[in-house]
Amino acid sequence: MDTVNIFETKEKKHKQGIKESFPVTGMTCASCAASVESVLKHTEGVFDASVNFASSSVLVEYDKAINPENFQNALRGVGYDLILDTENSSEAQQELQQKHYQDIKNRTIWSAILTLPIFVLGMFYMNWGPGKWISLVLTFPILFWFGRSFFINAFKQAKYGKANMDTLVALSTGIAFLFSVFNTFFSEFWLSRGTEPHVYYEAATVIITFISLGKLLEEKAKSNTSSAIKKLMGLQPKTLKIIENDEEKEIPISSVQVGQTILVKPGEKIPVDGLVSKGNSYVNESMITGEPVPVEKTKDEKVFAGTVNQKGSFQFTAEKVGGETLLSQIIKMVQEAQGSKAPVQKLVDKIAGIFVPVVMSISIITFIVWFSIGGNNAFSQALLTSVAVLVIACPCALGLATPTAIMVGIGKGAENNILIKDAESLELGYKVNAVILDKTGTITEGKPNVTDVIWNDKLDDLSKYKQTLLAIESQSEHPLAEAVVNHLKEQNVEQSEISAFESITGKGVQAENGSKYYVGNHKLMVEKNIQIDINFTQTTESLEDQAKTVIFFSNEKQVLAILAIADKIKETSKKAIAILQERGIEVYMLTGDNKKTASAVAMQVGITNYKGEVMPSEKAAFVEKLQADGKIVAMVGDGINDSHALAQANVSIAMGKGSDIAMDVAKMTLITSDLQSIPKALELSKRTVLGIRQNLFWAFIYNIIGIPIAAGVLYPINGFLLDPMIAGAAMAFSSVSVVTNSLRLKRIKL
Numbered sequence: 001m002d003t004v005n006i007f008e009t010k011e012k013k014h015k016q017g018i019k020e021s022f023p024v025t026g027m028t029c030a031s032c033a034a035s036v037e038s039v040l041k042h043t044e045g046v047f048d049a050s051v052n053f054a055s056s057s058v059l060v061e062y063d064k065a066i067n068p069e070n071f072q073n074a075l076r077g078v079g080y081d082l083i084l085d086t087e088n089s090s091e092a093q094q095e096l097q098q099k100h101y102q103d104i105k106n107r108t109i110w111s112a113i114l115t116l117p118i119f120v121l122g123m124f125y126m127n128w129g130p131g132k133w134i135s136l137v138l139t140f141p142i143l144f145w146f147g148r149s150f151f152i153n154a155f156k157q158a159k160y161g162k163a164n165m166d167t168l169v170a171l172s173t174g175i176a177f178l179f180s181v182f183n184t185f186f187s188e189f190w191l192s193r194g195t196e197p198h199v200y201y202e203a204a205t206v207i208i209t210f211i212s213l214g215k216l217l218e219e220k221a222k223s224n225t226s227s228a229i230k231k232l233m234g235l236q237p238k239t240l241k242i243i244e245n246d247e248e249k250e251i252p253i254s255s256v257q258v259g260q261t262i263l264v265k266p267g268e269k270i271p272v273d274g275l276v277s278k279g280n281s282y283v284n285e286s287m288i289t290g291e292p293v294p295v296e297k298t299k300d301e302k303v304f305a306g307t308v309n310q311k312g313s314f315q316f317t318a319e320k321v322g323g324e325t326l327l328s329q330i331i332k333m334v335q336e337a338q339g340s341k342a343p344v345q346k347l348v349d350k351i352a353g354i355f356v357p358v359v360m361s362i363s364i365i366t367f368i369v370w371f372s373i374g375g376n377n378a379f380s381q382a383l384l385t386s387v388a389v390l391v392i393a394c395p396c397a398l399g400l401a402t403p404t405a406i407m408v409g410i411g412k413g414a415e416n417n418i419l420i421k422d423a424e425s426l427e428l429g430y431k432v433n434a435v436i437l438d439k440t441g442t443i444t445e446g447k448p449n450v451t452d453v454i455w456n457d458k459l460d461d462l463s464k465y466k467q468t469l470l471a472i473e474s475q476s477e478h479p480l481a482e483a484v485v486n487h488l489k490e491q492n493v494e495q496s497e498i499s500a501f502e503s504i505t506g507k508g509v510q511a512e513n514g515s516k517y518y519v520g521n522h523k524l525m526v527e528k529n530i531q532i533d534i535n536f537t538q539t540t541e542s543l544e545d546q547a548k549t550v551i552f553f554s555n556e557k558q559v560l561a562i563l564a565i566a567d568k569i570k571e572t573s574k575k576a577i578a579i580l581q582e583r584g585i586e587v588y589m590l591t592g593d594n595k596k597t598a599s600a601v602a603m604q605v606g607i608t609n610y611k612g613e614v615m616p617s618e619k620a621a622f623v624e625k626l627q628a629d630g631k632i633v634a635m636v637g638d639g640i641n642d643s644h645a646l647a648q649a650n651v652s653i654a655m656g657k658g659s660d661i662a663m664d665v666a667k668m669t670l671i672t673s674d675l676q677s678i679p680k681a682l683e684l685s686k687r688t689v690l691g692i693r694q695n696l697f698w699a700f701i702y703n704i705i706g707i708p709i710a711a712g713v714l715y716p717i718n719g720f721l722l723d724p725m726i727a728g729a730a731m732a733f734s735s736v737s738v739v740t741n742s743l744r745l746k747r748i749k750l
């Protein structure tokens, strides 16, 4: 099956027009993404638009006769922008995202610094005259400079008749601030009516600081996501060497054309996809197959961009370049799979979208009712109760409910060698009912080792033969030779001198040390008429049934030893798989290795659902198939070849000793590479989600009880009216209760 054919190119023709992806700047929340989508869908010539908030991009399907600048102008009118320079769009977008993150970080730090004295003055020195003036001066920059984005975004939402968390923040802090300013400048207005004029600067500034911290954490998560794509792009070299008129010439990768002959030297990355035309070498294709052993490449063999050449040099003919290479398609699909996921905070934004108009309506109704029945102090009572409603309905507890539980959960995970990147993996982990495991580096150790060595029991001087074997394998370029060398060095074997070393392509090597010696496969033994003892033959068959690679070491007459090399299964893999199965979770194994190896490993660890010779795209397709069947899928892998499947899965888990790309794409990383951490991670998810739900429950119960009391429902019963100052304290208490509940996660045992 042609690996590349299963991918789609980035830009393709549709019967209606063109589909193209553009980076978007200026989006700060899910509501912003909805606004961008809405504006573009109503732009002339656009058939459809789909915003990918995770990657800050939009996929637009539009009439090919329309200039994309029309989309850019439409978005600029509402405060967003498109990057149309497709050649450098990724770099420009990353630069803007980094600048935006630094801006939010600076705002949060300065807000916290200025809020501290305001909080101290408001809580402990509320009757000190100069205190309210100092608070006023410090509050102004917090709200209208460091917190200006909340007011700007609330205004954007209002233009479209919508409301979100920013609306609630802007409204509650704005009203509290204006009311406090009035009380600061015109305190006599309330004193003459027998009412103490309180100020609420600390409530307004604490809200801004806490919500800014939440925004900072969100931006950091987004920047970490984009770094995975950046590293994938880094797998492709910037330049390459072509052979033109029998001369070597270096050109930029963007200039390479299909059909050109490309030279690859030892240690270099292969720049594009193609077919070997001259020479041979071993290529590390772990990003494609997951197999740790480099693959031999000879004439007419396929090579792929991003894979790494080992010791030999060769030339190949370019077949797929630019966005058509396998690497480019993996990058594209990782971006799409990442962007298809919604953060848990989106739920809070949706709730806030309903909550805000309700609170505003209650506040207005409260003012009207009290103004109508309040008697002599009608206006003051109406204003105080309506402001109390807005202050007590402040979104602090709601805004803290999710991030505090997540922060504690992430910390608890780190204590148990589980690194968790975002809320989504914690939100979905406890629902997982299907786990897909990669073989190499996940169930196994990820590197070939000598597992068995059987020497001819009739040999006189065993040490001499070991020294000869070490000397031969030290000069061999075959990837498995390194495993033999490491094995012998661990036994403190000293290397002897050899001569006439020669590589026999596809079979092994030969050398001389007093007499001629051979190291290679069974074909080499047959070709050289080497006698193989019947015991060696039987043992070889047994080892091969265990999916081990057998190497023969012989002199000119007989086999001296056989060595079995395999990727060892981790000691804890079988137990971890058993625990998952006991919990009713289906366990699957997918590997790029051959079917015989897959079967042997699956049998040893107790997995009945397995598949060998699986390409990266097929892993992702398998994930999609399980998801279509209603499964919540966790993918566990360690290589670049797993990156697409990791991004597609509901919960993605990387092994700590795996590739940087896998760890960046995955939402969880197991530091110890111990599969027993997977059941722990899923249990942690269950406990954390429970904490989030409890926090949201208490945040809303607080509002359900507090808002009616603030509106004055108890007044007809016992004459009680809630002072806005008490409302502010109640708001602070709700936040403390949410944080305290989250901290309980620290005491759980996984």
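Read left to right, the sequence shown gives residues 1 to 750 (the UniProt record's numbering). Quick reminder that beta carbons are idealized off the backbone N, C-alpha and C, glycines included.
Residue range of the unbroken alpha helix (DSSP H) whose run includes residue i
i	result
W698	677 to 711
A645	643 to 648
S149	148 to 159
N535	534 to 545
N718	715 to 718
V605	595 to 605
Pair within 8 Å by beta-carbon distance, residue i and residue j
i	j	result
M655	T442	yes
L670	N417	yes
T173	G712	no
M586	N433	The sequence shown places Glu at residue 586, not Met. A contact, by the Cβ cut-off of 8 Å.
E33	V51	For the sequence presented, residue 33 should be read as Ala rather than Glu. Contact: yes.
G411	D567	no
T440	D674	no
Q72	L84	yes
V689	L419	no
A620	A600	no
N650	V633	yes
V605	K574	yes
Cut-off 6 Å between Cβ atoms - residues of its own chain near residue i, not counting five sequence neighbours on either side
i	result
F536	V559, I562
I709	L722
G691	A405, S742, L745
Three-state secondary structure assigned by DSSP to residue i
i	result
G411	helix
M360	helix
T225	Because T225 carries a pLDDT of 43, less than 50, the predicted location of this residue cannot be relied on, and the following value inherits that uncertainty. Three-state DSSP puts T225 in a helix.
G274	strand
T239	strand
P130	helix
V432	coil
A318	strand
I66	coil
R747	helix
M615	coil
Residues of its chain near residue i, where Cβ-Cβ distance is below 7 Å and the 5 sequence neighbours each way are ignored
i	result
T261	I242, I243, S277, Q315, T317
K13	Any reading at K13 needs caution, since the residue's pLDDT is 40, under 50, leaving its predicted position unreliable; the model's value is listed next. Within the same chain, K13 has no close Cβ partners at all.
A305	Q236, I270, P271, V272, D273, T325, L326, L327
E544	V550
I118	S135, L138, T139, Y201, E202, T205
Start and end residues, beta strand (DSSP E) containing residue i
i	result
K575	Careful: K575 lies outside any beta strand (DSSP E), inside the alpha helix (DSSP H) at 573 to 582.
V587	586 to 590
A27	Position check: residue 27 holds Met in this sequence, whereas Ala was assumed. No beta strand (DSSP E) contains M27, which DSSP labels as neither H nor E.
T451	444 to 455
K611	609 to 611
A511	508 to 512
Close Cβ partners of residue i (< 8 Å) along its chain, the five nearest in sequence each way excluded
i	result
N695	A397, L400, A401, T402, T404, A405, V738, N741, S742
D81	V24, T25, G26, Q72, L75
I368	A382
Residue i CB to nearest heavy atom of the ligand SAM below 7 Å
i	result
F71	This structure does not include the ligand SAM; it has no bound ligands of any sort.
Query raised in the report: Is the segment 574 to 592 touching the segment 464 to 482 in the sense that three or more CB pairs, one from each, lie closer than 8 Å?
Result: no
Query raised in the report: Are the segment 692 to 701 and the segment 665 to 682 in contact at 8 Å, needing three or more beta carbon pairs?
Result: no
Query raised in the report: Are three or more beta carbon pairs between the segment 139 to 149 and the segment 100 to 113 nearer than 8 Å?
Result: yes
**Report entry** At least three beta-carbon pairs within less than 8 Å, the segment 296 to 303 to the segment 197 to 212
**Finding:** no
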